[in-house]
Structures are given as structure tokens and as C-alpha cells.
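Residue numbers (this note's numbering), protein chains in the order written: chain A, 44 to 207; chain B, 78 to 235.
Each residue gets a CB set at the ideal place from its N, CA and C atoms; glycine is no exception.
Values in this document were obtained by computation on a predicted structure and should not be read as measured data.
So, in C-alpha cells, the structure goes:
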């Protein structure tokens, strides 16, 4: 296993392209950031593009966590469970769950049934967070403001283009 | 990309073979091992709400590094292609957009591996920065760069 350092480079036509390098696991974010800075500086000496940003992406091992197998019949990523939350800063943030299971929708409506255990558990995680044993981690919005409350939850449909 | 929140990204596959991603953000200060555990927990909760299958999950941390501007003639289609080898002869590669053509040996498509800037880059890839040294995808340390050349790859039209 390795982590992926993704570096975004912009060209003179404002097109962005990425280059990646694999890094060994087991270091801190500060150490990965120091390596990324050194690589950024070395790259800028051999390219004519500009540096737009970098992300360290960590693969999550789902074996032992989730069952493997085929998607259920009639599952479709265009069918979405849309959960809208309010962060502590008052701004809205949204999570869209693809291939949403209609069994979790109230009959005769597009409202997600908030009496179901799976829905309660997901919203509980989003609002209250989860403690992996090292301190509670609360989901947040793009600005880092903790999610404070659920605003709306409903079933929606979004076009994703034709299937293969 | 946010510098204030890390992105937990989950890929969901449906029965028609289409994939879609969903994201949940957590504070950027979350340690990597904790973020992995939180993503595993989130994956189980999402799985209970979807008829699709979660095929992969990752957590991406934005790194706070200064941006810079591109030269007017920089082109993402022009790339430096580096090929690596680890101790077990497993290969990896790195494709670097907007290659500076002055790093190419005249009359060829080979990168000048004696150019000081190219030497510095290769050293950083092979020996690292003193703390971290890159690996090939299966995790073996890079032993050497076996090939360095200029290539062109089509990108989407503007």
C-alpha cells in the first residue's frame, strides 16, 4: 500500500493537468507536506507550467468493513439521497448518496423516512461525528465549520449520462 | 481543493455499470489513521442507504503550498515521462505536464539527465528528501529511473 501525492499543474491556456507520485505509508501530514514542497520546487525547475495545488490521497481499506458483491438489481447512480445540513457558521453543505435505496423513502412522497435506523445512524454521524478511539471527528463544510443540524433530506434524480 | 477540510471520497457502482462519487468533509487537522477509521465508519453507514456497491474510498488532504503562474507558452500536452524500477523489478511511471523543452537533448526526445535541475528531480524521486522517498504503487522503494523522455498526450480541446 502507498499514498498518492497528486500535484496539479496549470498551463498557459489555463488547462489543469495532474502528475502523481506514490509515497510510503506511516508518516505525518507535516512530513508529507514537506516532501511535497521539495517536489514542487524541483518540478518548477523542469516545467514551464504553474503550480496550482497538491493533495495527499490515502486509500481506505474496506475489506472486512463492507461486503463485496454485485450492486443490487435496479440500482442506479442517478437516484440520489440528498441530505442538506447547516454548518456552525450558518452555511449549507450537502451530501448526495448515489444509487439511493428507495426503501428508505416515505411512501407516496420524495421525503426520506427519518424514522428508519439507517437514516438515523447516518444523520447521527454527520451531526455528531464519530470517535475512532483518538477523539471525536465531526464532519464539516468546505471551510472546516462543523455540521450542526440536518435541514432537509429527500430523494432526487440526476442525469449521469448513458450507461456503457 | 480545500485547505481547511479533508475530503472523504466514496465511489459507488450501480447495476448498470455506472459509477458515481460522493464526498463528506472532515477537519484537515484529523490525523491520517483517524481519518481512515472515520471513512470506514462512514462507508458502512452509506452502504446501508444505497443499493449500489462502494467500490473504493479515499481521504484527500489538501496541502498548503504556494501557487505559481504558468508561462504563456506552457502546454499540458507536452510531458516528461519518467519510468522507475524498484528492487523487485516492478515498474512505475510519472508523467509531468508542461515540460520545459530546454531539458530535452537537441535532435532527440530524450531528457538530459545530466542537467542539474533534472538531476535534482531524479534524486528527490530516488533518494527522497531525507525523510520520505517515493515508492512504486506496490510499495517498493524506487531504485532507479530507467527512462526519461519527452512525450505528447492529447488533452481535451479548449
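8 Å CB neighbourhood of residue i in its chain, flanking five on each side removed
i: residue 102/B; result: 79, 82, 83, 84, 85
i: residue 134/A; result: 184, 186, 188
i: residue 72/A; result: 99
Residue i versus residue j: straight-line alpha-carbon distance, rounded
i: residue 126/B; j: residue 189/B; result: 54 Å
i: residue 161/B; j: residue 170/B; result: 6 Å
i: residue 131/A; j: residue 190/A; result: 6 Å
i: residue 184/A; j: residue 223/B; result: 44 Å
i: residue 146/A; j: residue 66/A; result: 42 Å
i: residue 166/B; j: residue 175/A; result: 38 Å
i: residue 70/A; j: residue 182/A; result: 23 Å
i: residue 45/A; j: residue 151/A; result: 47 Å
i: residue 143/B; j: residue 80/A; result: 9 Å
i: residue 201/A; j: residue 85/A; result: 43 Å
i: residue 51/A; j: residue 59/A; result: 6 Å
i: residue 168/B; j: residue 176/B; result: 22 Å
i: residue 174/B; j: residue 94/B; result: 31 Å
i: residue 109/A; j: residue 193/B; result: 49 Å
i: residue 203/B; j: residue 210/B; result: 7 Å
i: residue 208/A; j: residue 129/A; result: Nothing about residue 208/A can be read from this structure; chain A reaches only from 44 to 207.
i: residue 141/B; j: residue 112/A; result: 39 Å
i: residue 89/A; j: residue 195/B; result: 7 Å
Chain-order list of residues whose beta-carbon lies under 6 Å from that of residue i (same chain, five-residue window excluded)
i: residue 88/B; result: 96, 98, 132, 133
i: residue 179/A; result: 172
i: residue 83/A; result: 94
i: residue 179/B; result: none
i: residue 18/A; result: Since the displayed chain A opens at 44 and closes at 207, residue 18/A lies outside it and no answer follows.
i: residue 139/B; result: 78, 79, 80
i: residue 77/A; result: none
Neighbourhood of residue i by C-beta, 7 Å cutoff - its chain only, sequence neighbours within 5 removed
i: residue 231/B; result: 154
i: residue 87/A; result: 94
i: residue 207/B; result: none
Within chain A, partners of residue i - CB distance below 9 Å
i: residue 164/B; result: Going along chain A, no residue has its Cβ under 9 Å from residue 164/B, so there is no contact; the nearest lies around 14 Å.
i: residue 78/B; result: 51, 95, 96, 97, 98
i: residue 183/B; result: Under the 9 Å cutoff, chain A gives no residues; its nearest Cβ is about 16 Å from residue 183/B.
Contacts that residue i makes with chain A (C-beta to C-beta distance below 7 Å)
i: residue 223/B; result: Per Cβ cutoff of 7 Å: no residues; residue 223/B is ~16 Å from chain A at best.
i: residue 186/B; result: Per Cβ cutoff of 7 Å: no residues; residue 186/B is ~15 Å from chain A at best.
i: residue 115/B; result: 173, 175, 180
i: residue 204/B; result: None at all; the shortest Cβ gap to chain A is about 11 Å.
i: residue 90/B; result: 114
Residue i burial status per 10 Å Cβ neighbour count (16 or more: buried)
i: residue 228/B; result: exposed
i: residue 154/A; result: exposed
i: residue 196/A; result: buried
i: residue 166/A; result: buried
i: residue 135/B; result: buried
i: residue 145/B; result: exposed
i: residue 107/A; result: exposed
i: residue 186/B; result: exposed
i: residue 194/A; result: exposed
Chain-ordered chain A contacts of residue i [CB-CB under 8 Å]
i: residue 160/B; result: Ordered by position in chain A, no residue passes the 8 Å Cβ test against residue 160/B, which lies about 13 Å from the chain.
i: residue 189/B; result: Neighbours of residue 189/B on chain A: none; closest Cβ ~10 Å, over 8 Å.
i: residue 176/B; result: 89, 90, 91
7 Å Cβ cut-off: residues of chain B touching residue i
i: residue 102/A; result: 135
Listed by chain order, chain B residues near residue i by CB distance under 9 Å
i: residue 150/A; result: Chain B residues near residue 150/A: none, gap ~17 Å exceeds 9 Å.
Using Cβ-Cβ distances below 8 Å, what residues of the segment 79-91 of chain A are close to chain B? The segment 79-91 of chain A vs chain B, Cβ under 8 Å: 79, 80, 81, 82, 83, 85, 86, 87, 88, 89, 90, 91.
Got a sec: which bits of the segment 124-147 of chain A sit with their beta carbon under 7 Å from any beta carbon on chain B, in order along the chain? So the list reads 124, 138, 139, 140, 141, 142, 143, 144, 147, given in the order they occur along the chain.
Contacting positions in the segment 136-159 of chain B - beta carbon closer than 9 Å to chain A: Within the segment 136-159 of chain B, the qualifying residues are 136, 137, 138, 139, 140, 141, 142, 143, 144, 145, 146, 147, 148, 149, 150, 151, 152, 153, 154, 155, 156, 157.
Residues of the segment 208-233 of chain B whose Cβ lies closer than 7 Å to any Cβ of chain A, in chain order: Sequence-ordered contacts of the segment 208-233 of chain B with chain A read 208, 209, 211, 212, 213, 214, 216, 232 [C-beta pairs closer than 7 Å].
Could you name the residues of the segment 188-201 of chain A whose beta carbon sits closer than 7 Å to any beta carbon of chain B, in the order they occur along the chain? Answer set for the segment 188-201 of chain A: empty.
Which residues of the segment 104-128 of chain B have a Cβ closer than 8 Å to any Cβ of chain A? Give them in chain order. Flagged, chain order: 104, 105, 107, 108, 109, 110, 111, 112, 113, 114, 115, 116, 117, 118, 119, 120, 121, 122, 123, 124, 125, 126, 127, 128.
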